[in-house]
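Each residue of the sequence shown is one higher than the one before, starting from 2 at the first, in the working numbering. Ideal Cβ placement from N, Cα and C applies to all residues, glycine included. Report on the following structure.
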Amino acid sequence: MGYNNTVAIISNSEFTIQELKSMLVLLRDVDKVESIDYYDAEDTVKQTRPNVIILHATDNDKNCIKLLKKIRLNPKTKNIPVLLYADYCSTDYIVEAFDNGISDIISTPLKDYELVIRVIWAIQKNEMYSIKETEDKFLSELGIIDFKTGFYKEEFSLKFLESVITQAKTNRQKSCLILIKISPAIDVEIDKDALCDALRSSLRINDTIAMKDENTYYIFLSRAKLNGVYSIYERLLSKLGSMTAISASVVEIQDELF
Numbered sequence: 002m003g004y005n006n007t008v009a010i011i012s013n014s015e016f017t018i019q020e021l022k023s024m025l026v027l028l029r030d031v032d033k034v035e036s037i038d039y040y041d042a043e044d045t046v047k048q049t050r051p052n053v054i055i056l057h058a059t060d061n062d063k064n065c066i067k068l069l070k071k072i073r074l075n076p077k078t079k080n081i082p083v084l085l086y087a088d089y090c091s092t093d094y095i096v097e098a099f100d101n102g103i104s105d106i107i108s109t110p111l112k113d114y115e116l117v118i119r120v121i122w123a124i125q126k127n128e129m130y131s132i133k134e135t136e137d138k139f140l141s142e143l144g145i146i147d148f149k150t151g152f153y154k155e156e157f158s159l160k161f162l163e164s165v166i167t168q169a170k171t172n173r174q175k176s177c178l179i180l181i182k183i184s185p186a187i188d189v190e191i192d193k194d195a196l197c198d199a200l201r202s203s204l205r206i207n208d209t210i211a212m213k214d215e216n217t218y219y220i221f222l223s224r225a226k227l228n229g230v231y232s233i234y235e236r237l238l239s240k241l242g243s244m245t246a247i248s249a250s251v252v253e254i255q256d257e258l259f
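What follows is the structure, given as structure tokens:
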């Protein structure tokens with residue numbers, strides 16, 4: 002019988018690998034746990050494409066961050082949820098790991114049920130990514146979203162926004178709509194690829210981007226309040242740097258008239 006899900010533990014510590022494996026025995030029999038050392042990790046992850054990665058970092062090891070960046074840069078592995086097992090790591094190191102795409106953090110002392118819950122959550126997140134990839138491929142084939150960026154095209158953006166706003170109001174879910182314009186702080190051209198990457202990496206899987214016009218975007222934040230918008234704004238500023246100016250307007254969508 003084949004395995005439904007694979008959990009990959011990346012660590013150079015045999016003790017840590019065995020400790021984590023013993024805690025994951027509560028997973029279903031159809032789920033597989035495999036161990037990978039740092040030296041083979043990049044190639045092995047690309048070949049096996051596990052559903053979840055547990056990445057062990059100890060003493061602020063920069064090799065962990067380098068590996069994380071490589072996983073996120075590869076189109077085949079960029080959406081795999083990564084749980085960082087931080088062992089004697091500083092707060093600054095953990096923040097850097099979040100900035101580079103970890104999905105969650107687990108730290109000592111670790112309880113077996115907590116680890117299993119985090120892994121199950123990560124498996125579910127991986128399934129959501131797979132569903133979204135299928136949807137985006139279908140919409141790109143219809144010409145509704147841009148294949149390269151994953152953003153809704155200008156001619157479909159307003160129709161899409163009407164749909165998601167109506168749905169949010171019907172379900173009485175607080176959401177936010179942002180209109181954001183990106184412009185160079187000095188007379189230089191904006192790197193479009195870097196801009197798109199910054200926008201995508203600053204959002205959650207359920208958030209959506211639609212183009213209004215060149216360098217102007219609608220961002221729909223599902224199940225979000227205004228304080229969630231500020232964190233996204235700060236992330237974009239951090240990723241795009243001081244050479245870029247960002248102006249934004251935001252409105253909170255509730256169940257009343259919008």
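Rounded to whole angstroms, the gap between the alpha carbons of Ile183 and Ile247 is 5 Å.
With a 10 Å radius around the Cβ and a threshold of 16 neighbouring Cβ atoms, Phe99 comes out exposed.
The C-beta distance from Ile191 to Asn216 rounds to 6 Å, short enough to fall under 8 Å. The C-beta distance from Leu204 to Ile220 rounds to 7 Å, short enough to fall under 8 Å.
Less than 8 Å divides the Cβ of Cys65 from the Cβ of Leu56. Short of 7 Å from the beta carbon of Ile124, and not among the five residues preceding or following it, lie these beta carbons of its own chain, in chain order: Asn6, Asn52, Val53. Judged by beta-carbon spacing, Lys170 lies beyond the 8 Å limit of Arg224, meaning their Cβ atoms are not closer than that value. Partner residues in the beta bridge of Tyr218, as assigned by DSSP, are Ile181, Met212. Every unbroken stretch of the beta strand (DSSP E) spanning 3 or more residues and falling wholly within the stretch 6-66 is given here in chain order: 6-11, 32-37, 53-59.
In this structure, DSSP gives Tyr234 a helical state, which the three-state scheme calls helix. Beta-carbon to beta-carbon, Ile10 and Val46 are separated by about 12 Å, too far to satisfy the 8 Å threshold.
Secondary-structure assignment with DSSP links Val165 through no beta bridge to anything. Gln168 and Leu222 have their C-alpha atoms spaced approximately 13 Å apart. If you check the CB distance, Asp88 and Thr59 come in under 8 Å. Rounded to the nearest whole angstrom, the CA to CA distance from Phe161 to Asn13 is 47 Å. Residue state for Thr245 is assigned as strand, using DSSP reduced to three classes. Leu84 carries a strand assignment under DSSP once its states are collapsed to helix, strand and coil. Unbroken beta strand (DSSP E) stretches of 3 residues or longer found wholly inside the stretch 66-146: 83-88, 105-108, given in chain order.
Counting along the chain, Lys193 sits inside the alpha helix (DSSP H) bounded by residues 193-202. It is roughly 15 Å from the alpha-carbon of Asp38 to the alpha-carbon of Glu20.
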